[in-house]
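Asks: When the letters of the sequence shown are read in order and numbered with this note's numbering, they come out as residues 8 to 256. Ideal placement from N, C-alpha and C gives every residue a C-beta, glycine not left out.
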Amino acid sequence: MQRLLLGALGSVGRARPPVIMPKDVNTIGRPQLCTLTAKTLFPPRIRAKRSTSMASSSSDSAALTATAGDSVWELYYWSRMETDGKNHMIGRGEFVRLMFEAAGQAYVDVGVIHGSARVREFVYDGGNTSVPVFAPPAIRKGSFVLYQTPSIMRFLGKQFGMFPDTEEQAAHADALMSFLTDFIAEGRLVFHPVCFTMSYYQQVEEAKPHVEWFQRERMPRFLTHLNHVLQHNQSLHPGSSVFVGGSLT
8 MQRLLLGALG SVGRARPPVI MPKDVNTIGR PQLCTLTAKT LFPPRIRAKR
58 STSMASSSSD SAALTATAGD SVWELYYWSR METDGKNHMI GRGEFVRLMF
108 EAAGQAYVDV GVIHGSARVR EFVYDGGNTS VPVFAPPAIR KGSFVLYQTP
158 SIMRFLGKQF GMFPDTEEQA AHADALMSFL TDFIAEGRLV FHPVCFTMSY
208 YQQVEEAKPH VEWFQRERMP RFLTHLNHVL QHNQSLHPGS SVFVGGSLT
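Next up, the structure:
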């Protein structure tokens, strides 16, 4: 869980109006102006073919066997393919990937297979003619498009028979998803100390002390709460290894 959440915290942003960001987590009163352009945010990236060592899925993954078309789900999320053949930009898209994989559903991981340029084209440059998407991740099947990670997870959970059994369990699952969204939103900022709309890979060195602080001071509080939720659910459903109910949802 910790590895997944750390990976989800670092992601690429897109050009926004100038914003004020704290220069340092310990110097909140000393903001610095961050003015960005699309060229700044999206520098040339090293491209590499997807390999069987892909972190998000194996060689027999549904993502590798699926082909684009109206009958197959597509996931639109950033990627950063390196020469080791791995995607170094898993981000919020990983939650959606795990949903597809757990349900055994074929899907096309557009960013990984075709590159982030295809994702930008779909989200920002007119490639999407359905419901407008503010930012990845987004999913598409035929003319249906949906964005925002919690909304995607709720929708796919119902589609794949993985939605909680009762209204009470659904409410608890929804609260947990909101908690995880808060976790990622807070954690993401420490990976972007210079400017939160700039790529993490343009501020790696500046981010190191902030990431260390987050791991030391904040992450234990979030993980402790998750452990408490898990223990409580196990008291209600002995033998369960999930956070809500008695089966994976």
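When you compare only the Cα positions, how much space is there between P216 and H199?
Replies: Within the sequence shown, residue 216 is the residue found at index 209, counting from 1. Within the sequence shown, residue 199 is the residue found at index 192, counting from 1. Their backbone Cα atoms lie some 11 angstroms apart in a straight line.
Asks: Pairing CB atoms from the region 78 to 93 with CB atoms from the region 135 to 152, are three or more of them under 8 angstroms?
Replies: yes
Asks: By alpha-carbon positions, which one of P157, P171, A177 ends up nearest to S185?
Replies: Walking along the sequence shown from the start, residue 185 turns up at place 178. The candidate whose alpha carbon is nearest that of S185 is P157.
Asks: Helix, strand or coil for E89 per DSSP?
Replies: Locating residue 89 in the sequence shown gives position 82, counting from the first residue. Three-state result, E89: coil.
Asks: Give the straight-line distance between the Cα atoms of N240 and F250, rounded to the nearest whole angstrom.
Replies: To locate residue 240, count along the sequence shown from 1; it is residue 233. To locate residue 250, count along the sequence shown from 1; it is residue 243. Approximately 6 angstroms, taken between the alpha carbons.
Asks: Using a Cβ distance threshold of 8 angstroms, determine whether the region 96 to 107 contacts the region 158 to 174, with at least three qualifying pairs required.
Replies: yes
Asks: Can you name, in chain order, every residue of its own chain whose Cβ lies under 8 angstroms from the Cβ of E128, other than the five neighbours on each side?
Replies: Residue numbering aside, residue 128 sits at position 121 when the sequence shown is read from its first letter. Only G134 meet the Cβ criterion.
Asks: Pick helix, strand or coil for D116, following the three-state DSSP scheme.
Replies: Here residue 116 refers to the residue found at position 109 when the sequence shown is read from its first residue. D116: strand per DSSP, three-state reduction.
Asks: Please work out which residues of its chain come closer than 8 angstroms, Cβ to Cβ, to P227, disregarding the five sequence neighbours upstream and downstream, and give them in chain order.
Replies: The count along the sequence shown starts at 1 and reaches residue 227 at position 220. Excluding sequence neighbours, P227 sits near nothing in its chain.
Asks: Can you give the Cα-Cα distance for R87 and V126, rounded to whole angstroms?
Replies: Along the sequence shown, read from residue 1 onward, the residue named residue 87 stands at position 80. Along the sequence shown, read from residue 1 onward, the residue named residue 126 stands at position 119. R87 and V126: Cα-Cα distance of roughly 12 angstroms.
Asks: Give me the residue from P245, H244, G253, T188 with the minimum Cα distance to R258.
Replies: Because residue 258 is not part of the residues shown, which for the chain are 8 to 256, the question remains open.
Asks: Assuming the contact rule is C-beta atoms closer than 8 angstroms, E193 and R225 should be a hit. Round their C-beta distance to whole Å, please.
Replies: The sequence position of residue 193 within the sequence shown is 186, counting from 1. The sequence position of residue 225 within the sequence shown is 218, counting from 1. Between R225 and E193 the Cβ distance is about 7 angstroms, and since that is below 8 angstroms, they are a contact.
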